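Protein chains in written order, with the working numbering: chain A, 2 to 226; chain B, 698 to 1864.
Just so you know, even glycine gets a beta-carbon here, dropped at the ideal spot from N, CA and C.
The structure presented is a predicted model; accordingly, all values stated were derived computationally and were not measured.
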Amino acid sequence: MIVVKLKPFTEISSMLGKYQSILIVGCDGCSGIYEVGGLKQAEILKQQLELARELRKGGKIRVKTVSIPRQCDVDIVANKLRREVAEQEAILSLGCGVGVQTLADIYDDKPVFPALDTMFIGMEDKSQGKLFERCKACGDCILAETGGICPITRCAKGLLNGPCGGTVNSKCEVYEYTRDCAWILIWNRLKQRGMMNLFTKFRPFRVNRQHSPRELEKTISVSKH
Amino acid sequence: MKSIVSNSSNKIGAVLVVGGGIGGIQASLDLAESGFKVWIVDTFPSIGGVMARLDKTFPTNDCSMCILAPKMIDCSRHPNITIFSYSEVKEVNGSVGNFKVNILSHSRYVNADTCTGCGLCVEKCPVVNVPNEFDEGIGLRKAIYFPFPQAVPRVATIDAKMCLFLTKNVCRICEKFCEAQAIDFEQKPIEHEVSVGAIILATGVETFDAQLKYEYGYGRYANVITSIEFERILSASGPFEGHVQRPSDGVAPKKIAFIQCVGSRDVTCGNDYCSSICCMYATKEAVIAKEHMNDIDSTIFYLDLRTYGKDFDKYVERAKNEYGVKFVKCRVSAVEEIPKNQDLRITYETEDGKVNEEYFDLVILSVGLQPSENVKKLAENFGIELDKYGFCKTEAFSPVETSRPGIFVCGTFSSPKDIPETVIQASAASTAAKALLSSARGILVKKKEYVEEIDVRGEPPRIGVFVCHCGTNIGGVVDVPSVVEYAKTLPNIVYVEENLYSCSSDTQERIKEKIKEHNLNRVIVASCTPRTHEYLFQETLREAGLNRYLFEMANIRDQCSWVHRNLPEAATEKSKDLVRIAVTKARLLHPLERLPLNVIPRCLVIGGGISGMNAALALASEGFETYLVEKEKELGGFARNLHYTLEGNDVQGYLRSLISEVQANKMIHTFLGANIKDVSGYIGNFKTTILDINGETKELEHGVVIVATGGEEYHPNEYLYGDDPRVVTQVELERRLAEGKYDEFENVVMIQCVGSRTEGRQYCSRVCCGEAVKNALKIKEKKPDANVYVLYRDVRTYGLAEDYYRKARENWVTFIRYDENRKPIVTKQKLENGEDSLNVLVYDSSLRMQLILNADLVVLSTAIVAPTDNKKLAQILKVPLNEDGFFLEAHVKLRPVEFATEGVFLCGVAHGPKSIEESIAQAYAAVSRASIPMAKKQIQTEAIVAHVNEEACIGCDLCEHVCPYGAVELVRRPDDKWVSKINEIMCKGCGTCAVICPKMAIEMFHFNRKQILAQIRASFLIPEEGEFEPKILVFTCNWCSYAGADLAGVSRIQYPPNVRLIRLMCSGRVDPLFIFEALRSGADGVLITGCHPGECHYVSGNLWAEARYDALSSWIKEIGIEPERLRLAWISASEGVKFAKEITDMVADIKKLGPNPLTRSITVKEV
């Protein structure tokens, strides 16, 4: 999922400086699930914004909250929010960067602000209370050859052919030997699966990666007809 | 279980439980819940026993009162339990199945039926200097008294020896002040006769009289005290309110010493046995003392460190490493007092042979347990045999049966033991009684019939308010009539009245009448605490046809009049507020339903060893079918390797009879060579798939599960085991001895703790010391001139097994202590004659020299380890394991045979290493608990549970992550939508999931967001005028911190009246939105309170509260509100002082801080 982080409140608050009514749009997708951008967080942020404004004697601010299944979904954003958006001066998005842009594209007459910083594509390990990057969205997946561990993302150097000399006791030099070397993990996993032949396969440097912004044709789409 | 033949038709379905300590309480609750009438007799004015006097309990440092008090209350309000406190058994006639018992209740001079427990008499009594037995005489009480604030029954007692009227014919002040007119100086002792089918003796023991050890100076030196006295000193509700101070001058001690084995393991005073618990309690007291005052240094002088229980060694390691407790192995010969400052000098020998002299501020004697003086009379009375020390005589294979059929025993009366062992035996004894009386089950219990419930849904609220004077307890401080007048002005109020005592039986009738007369559909009683009285009023509502959950209480006594006695006006205003808050919530109350759930009366027992088979047989004798699943091809488990016990009983013979009994029993369906594949369902309705011996799958349906998977022997790779056939394990030795092969050895060296108490397996295997002594004695018996050496770290022959340790020494078995850092070395050496000689090198820490022992047999006392299969089974059953791989029970002290998951129980070595006797007791105990739902046939789901709005649910699964009971599961609906489902049977209602839900799709019944927000808004109505008085909103959990607030009241500890308190089920229910609402609604500060970490009644709710508190602190800081306005405090049920202090401190701090900057913009609100 898309891993997000709430911006410092002061930053959010100063973005919304002059507005007197805003709509906080939560997202029930990635950011909601990670307890950063769901309806609950929208409610908490509403409380913070209202109370902070009251304390600063900056006049009242009227905050409405709503959350939608996915802010990255153009149709949902366009069809399910219209009434709420119309009532407010500005929009504060609790979605990822995609959500903010979707809102901004559709409601181009309203200022849209991000409440979150979008970090990476990753997953949560609840036992450690941490989120980890897992995918660089490189567009050329080799996980089949690496035991389901992505060296592009998890090797600090993005190496494709085994560990470098910076590995000591299975730990990576880039992070002061605190994090696992991805290639040692791959070695262990392949060994466990009896697929060591894959380890010795040579993978040449990849040159076919597209430049941003990337685009993709959908296989099945009515727009073609 | 011995079968007792008697005519079933005249068996009486009632049981007498003698002794109201934790053992008696547990046995009574088990029996009463299973459909038997129970009479408890206790000589003390309150039940609770020794456990009530303990400050904390090891190894979790749980507050003793916090975990005991709810059980005491359960006893007092159970319809099938009658408590005769301040009473004794005079005579027992009849026989098994039908005893006639005469009970004498002493005069309390207070009418128990009319006494309301208000305590005014105690306050007014002029006799102030009576040493309080409960505080070991350190604290004082009055001539009329409650032994301790949480006493059950809460009836005052007059001490006839101290009462001025009864001794000198003057005074009668209590009589004048008692509004309930409960004082009765004419009261005579009353005799009762009860008929019971069985008797359980849970009389407990006394502590050793330390004065008999003259050399330690107890009774002569002021600063030598006993461990139980120190326990009271440590207790927050003790004589010094938890301040550690020494008796001579009240100064806080810096250096304290514990002397172990005072009155234990001591032939000079006749107590040859080990008291089992002292090593642990001394360690605990040292740890707690350090927690009280960081500059305390504790030294424990011990003989052997006998911390053999589950996770005890880890506790000791923590005491050493984290708390700096020093352990010195030395029998202290004497304590000397330095007259000028009353410090104490102890001279002792250190391990390296030096003589040391050290001075201590306080010396604590770890007194042992011993049968009470009148035990002989008791034995005569009940016609039972005692052992040579005066403990009740029992047999190894029937640990809870006395010599007289129908009379059972539990707890320390049969041998010294700790609380969990006592609880286990109590449940075991109740199983024995239940099995005996199973034909009479349900005959003598009351079953209440109720009128049909009135459907009030959709009706506008019609609220009735009853405001209690509680004599003068409330009325003497609070202007009750003005509270009544105020209540009349609140919305939806239909009827208001005041009562002298709202709890009296005539008021209950009145409430019922008024409900009918005015068509009330919500009722509020403004009186005392819901902890003790909610159930009573809920019953009244239900009798009047209203749903129990349409009731709300305002605690204007414990949390108002008692704690603001000198501020009557403020107390009156606060009472009005509390009534208003209650009305606000009452308007939003909904009727709740508890759904009946049928229980399949069959049990799955996993494991066919001694524990599993005993469980199956006990279940059968209670009349329940069992599926007994054993993975091996034959029954017997690990005991097949054992041949005799320490006491000399024949294990194989016992096992054979047990197996044939199991095979012959038609109620037991045995599956050998079978494995558990899957378990689904929940209490009452489990479905288990097993793979039987033929590889076929079978599906079993059952209501409960007992896990009895046992343990395995550790296979050592140390000490040349496997390299040399002369190195064997104790089990292998035992087989040889049983086969009579004694000629093979002359010199036997036994090495203890092989695989136990080491890196990676930091637990004691508990039975190995006994095993070694057992086999050593066997060798000596058959071959007296053989040399037997036992190399040990601590000899842990606890309890009565100490006798055999002494016998072994008397028979010239040589015990050599080695240090864990210098383990023995076993070597092989080629001799000139070509033979290999086997030598054991050991450093003897007493002689301080290296010894070389030539051995022809080296015997390793190997650890008991958990089967590796446990992990898989734990996953299937969704129950936890501890770090050593043994199953982890729900609560170490009070729920030793059950898991947090309802309907799943455990016993035997699956729980941790233990002896056969202990395994049998635990098997019976598991049966006692497991049979309760089956005996009831139907259980009811909780009403206060969480509920998911499935349409809103986004399937994030956070709720499943936070639920400590596995009650929430993300499931795929038939329409393929993934939603969280809450199993209402497993949900305990903490509300933690409702807070974490990012879509706010989870609600808690009875504590829903709307209700709580309304309560918050109603808390502070009118802005203060004049001088600023901070207003504090407090959130408490239903258990520890609310009880702590009540205790502040019961103890009359005064604190500022600026607080309003909102009770939730758990601090995990505190939603960040509640805090913001409080700050918006006029609160100048918010205090979140809950149970101490590790003591949460919902396992981990308080930890979630703490995490949210941290986040909230920064959130409110971000918006410009001082984070000091939000606080978090852990308050246990015994910390009334702490509660009051937290409030007082917070009020003072917020006063300095000034008003909440938000309140300026708040004007008068409307409800």
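- By DSSP's assignment, residue 1161 of chain B forms a beta bridge with B:1192 and B:1220.
- When C-beta distances to chain B are compared with 8 Å, the residues of the stretch 54 to 70 of chain A below that value are 55, 56, 57, 68 and 70, in chain order.
- Where residue 1349 of chain B is concerned, the enclosing alpha helix (DSSP H) starts and stops at 1348 to 1361.
- For residue 39 of chain A, a Cβ of chain B is located within less than 8 Å of the residue's own Cβ.
- The shortest C-alpha to C-alpha distance from residue 1687 of chain B to any of B:992, B:1764 and B:1856 is the one to B:1764.
- Boundaries for residue 1029 of chain B: no alpha helix (DSSP H) harbours it, and the DSSP string shows neither H nor E there.
- Taken in chain order, the complete alpha helix (DSSP H) segments of 4 or more residues contained in the stretch 1073 to 1156 of chain B are 1116 to 1133.
- Nearest in C-alpha terms to residue 904 of chain B, of all of B:779, B:1064, B:782 and B:812, is B:1064.
- Excluding the 5 residues flanking it on each side, residue 1468 of chain B has same chain C-beta neighbours closer than 7 Å at 1427 and 1558, in chain order.
- Bounds of any alpha helix (DSSP H) do not take in residue 1449 of chain B; it lies within the beta strand (DSSP E) bounded by 1444 to 1451.
- In this chain, the beta strand (DSSP E) harbouring residue 799 of chain B covers 795 to 802.
- In this structure, residue 1291 of chain B and residue 1637 of chain B form a Cβ contact; the two beta carbons are roughly 4 Å apart against a cut-off of 8 Å.
- Within the same chain, and ignoring the five residues on either side of residue 940 of chain B in sequence, no residue has its Cβ closer than 6 Å to its Cβ.
- Note: residue 62 of chain A is not bridge-paired with any residue in the DSSP secondary-structure output.
- In the structure shown, the three-state DSSP call for residue 826 of chain B is coil.
- When DSSP states are grouped into helix, strand and coil, residue 51 of chain A belongs to the helix group.
- Listed along chain A is no residue with a C-beta nearer than 9 Å to that of residue 1027 of chain B; the closest approach is about 45 Å.
- Taking a cut-off of 8 Å on C-beta distances, the stretch 1406 to 1423 of chain B does not touch the stretch 1625 to 1640 of chain B, as fewer than three cross pairs fall below it.
- Chain order gives the chain A residues near residue 1815 of chain B as 9, 10, 11, 14, 49 and 53, where near means a beta carbon separation below 9 Å.
- Contact between residue 1618 of chain B and residue 1122 of chain B holds: CB atoms are separated by about 5 Å, below the 8 Å threshold.
- By the neighbour-count criterion, in which 16 or more other beta carbons inside 10 Å mark a residue as buried, residue 1527 of chain B falls on the exposed side.
- Beta-bridge pairing by DSSP links residue 1034 of chain B to B:1041.
- In the DSSP assignment, residue 1293 of chain B falls within the beta strand (DSSP E) that extends over 1293 to 1295.
- Distances from the CA of residue 739 of chain B to each of B:1336, B:732, B:720 and B:783 were compared; the closest alpha carbon is that of B:783.
- When the Cα atoms are used, residue 49 of chain A and residue 948 of chain B turn out to be separated by approximately 50 Å.
- Here residue 1541 of chain B carries a strand assignment [DSSP, helix/strand/coil].
- For the stretch 1704 to 1718 of chain B, there are no residues whose beta carbon sits under 8 Å from a beta carbon of chain A.
- By a beta-carbon distance limit of 8 Å, residue 881 of chain B contacts residue 807 of chain B. Their separation comes to about 7 Å.
- Taken atom to atom, the span from the alpha-carbon of residue 1743 of chain B to that of residue 1254 of chain B is near 9 Å.
- Against residue 1658 of chain B, the close residues of chain A are 127, in the order they occur along the chain (beta-carbon pairs closer than 8 Å).
- For residue 1202 of chain B, the uninterrupted alpha helix (DSSP H) run begins and ends at 1202 to 1215, by DSSP.
- Residues of the same chain with a CB within less than 7 Å of the CB of residue 191 of chain A, apart from the 5 flanking positions on each side, are 148, 197, 199 and 200 in chain order.
- DSSP, read as helix, strand or coil, puts residue 1702 of chain B in coil.
- Burial of residue 935 of chain B is indicated by the presence of at least 16 other C-beta atoms within 10 angstroms of its C-beta.
- Along the stretch 1307 to 1343 of chain B, the beta strand (DSSP E) occurs as fully enclosed runs of 3 or more residues at 1322 to 1326, listed in sequence order.
- By the neighbour-count criterion, in which a residue is buried when 16 or more other Cβ atoms sit within 10 angstroms of its Cβ, residue 928 of chain B is buried.
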